[in-house]
Amino acid sequence: MLFRLLRVRKGGPGRSPRLASGSVEGQASGSGAPRIGVLVVAYNAETTIAQVLDRIPRDFVPRIESVLVADDASSDGTFEAGIAYQQQNSHLPLIVIKRPENLGYGGNQKAGYQWAVEHGLDIVVLLHGDGQYAPEYLPQMVEPLVDGRADAVFGSRMIIRGGARGGGMPLYKFVGNKILTFTENLLVGARLSEWHSGYRAYSVAALRDIPFERNSDDYDFDTQIIVQMLHAGKHIEEIPIPTFYGDEISYVNGTRYAKDITRYVLRYRLWRWGVGKDPGVETARGG
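Heads up: the sequence shown begins at -10 in this note's numbering, then just goes up one per residue.
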């Protein structure tokens, strides 16, 4: 398996590098095995949620403490489909909830990561209920965290040459992804192959070190948490994942998304130069 390791510097460019936080094996529980949680964010995923859950590798399930399906106040039967799967599949440690009101893509993640913190998990993996990201890659996603090589692991669709387009990524999205990733790397001082994958795994200890609760409730949450991780000196490792574009409905307004993330990373760069206010990367806990 090909891996790309992104080494970052504490507090952004110009500081000394730091190591990853160390192996997460049993950090929270004191046991020999890490407590792993899977956060499945779902919105109007009635037709796909069961397939996504069914694709979680059976030989990986014993390593999972909890799978939280967080239905973000869907207007379809996502919650009911999740409950039905739970009743018929006792092998999976599944929790299915429905948010009383729509929190937004970022807001749903915030609540999910807070759940991981409060339940003493060591690792939390973000998975999407629409099937865009392959559950079969869960073992590879957690491996660098378990080994202590990284604080976060991102699945990248851009590492394998031709993989994104071959997997059905529309040309306009491919070009936009490349341009935005180049811009974000330039302004933040990073070397990620992709900033826009939603397949991610985090050390919960690393999440405790960043103010993710200050982030947007919208899709730009994903960019903001990367900046926070990099600013805090966390190590991010990328692994190649397949690209899949099916019939799922996209709820992302591409123009607004591009403006929001570009504005944010520009604010961060200006702040690093001493212009303007903290865009939300410093923590009241003394970061």
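Note that beta-carbon positions come from the ideal geometry of N, C-alpha and C, so glycine has one too.
Three-state secondary structure (DSSP) of residue i
| i | result |
| --- | --- |
| F143 | strand |
| P268 | coil |
| I53 | strand |
| I168 | helix |
| I25 | strand |
| S5 | In this prediction, S5 scores a pLDDT of 33, lower than 50, which makes its location untrustworthy; no coordinate-derived value is stated. |
| H220 | helix |
| Y126 | helix |
| R(-4) | Note that R(-4) has pLDDT 39, beneath the 50 cutoff, so the model's placement of it is unreliable and no number is given. |
| N174 | helix |
| R274 | Model confidence at R274 stands at a pLDDT of 45, short of 50, so the residue's coordinates are unreliable and nothing is read from them. |
| A39 | helix |
| W104 | helix |
| R90 | First, the residue type needs correcting, since residue 90 is Glu and not Arg in the sequence shown. If DSSP states are grouped into helix, strand and coil, E90 belongs with coil. |
| D211 | helix |
| E69 | helix |
| R197 | helix |
| P133 | helix |
| N204 | coil |
Rounded straight-line distance, which links the Cα of residue j to that of residue i
| i | j | result |
| --- | --- | --- |
| R138 | A179 | 18 Å |
| M49 | W260 | One detail in the question is off: residue 49 reads as Phe in this sequence, not Met. In a straight line, the C-alpha of F49 is about 43 Å away from that of W260. |
| L(-5) | E69 | Residue placement at L(-5) cannot be trusted, given a pLDDT of 43 that sits under 50; the coordinates are not used to answer. |
| Y246 | D209 | 7 Å |
| R150 | V142 | 20 Å |
| D198 | T244 | 31 Å |
| L115 | R189 | 5 Å |
| L255 | Q76 | 48 Å |
| S64 | V58 | 16 Å |
| E54 | G222 | 28 Å |
| A62 | V41 | 19 Å |
| A194 | G187 | 20 Å |
| Y32 | N97 | 10 Å |
| L219 | P82 | 32 Å |
| N242 | G165 | 13 Å |
| D211 | Y253 | 11 Å |
| I230 | M147 | 8 Å |
| Y257 | N78 | 46 Å |
| P23 | D206 | 29 Å |
Beta-carbon spacing of residue i, residue j below 8 Å
| i | j | result |
| --- | --- | --- |
| T36 | G118 | no |
| F201 | K266 | no |
| L169 | I72 | no |
| T232 | M130 | no |
| L127 | I112 | no |
| V270 | Q217 | yes |
| S182 | E226 | no |
| A39 | T67 | no |
| L28 | A105 | yes |
| E132 | R44 | no |
Start and end residues, beta strand (DSSP E) containing residue i
| i | result |
| --- | --- |
| H80 | That residue, H80, is in no beta strand (DSSP E); it is neither H nor E in DSSP. |
| E227 | 225 to 229 |
Identity of the residues DSSP links to residue i by a beta bridge
| i | result |
| --- | --- |
| H117 | V30 |
| R189 | L115, F143 |
| G85 | In the sequence under discussion, the amino acid at residue 85 is Val, which differs from the Gly named in the question. DSSP lists V58 as partners of V85. |
| I149 | I149 pairs with nothing; no bridge assigned. |
Range covered by the alpha helix (DSSP H) that runs through residue i
| i | result |
| --- | --- |
| G152 | 152 to 155 |
| M158 | Segment: none, M158 is in no alpha helix (DSSP H) and carries neither H nor E. |
| F233 | Element bounds for F233: n/a, residue is neither H nor E. |
| Y253 | 243 to 261 |
C-beta neighbour in chain B for residue i, strict 8 Å
| i | result |
| --- | --- |
| P82 | No chain B appears in this structure, which consists of one protein chain only. |
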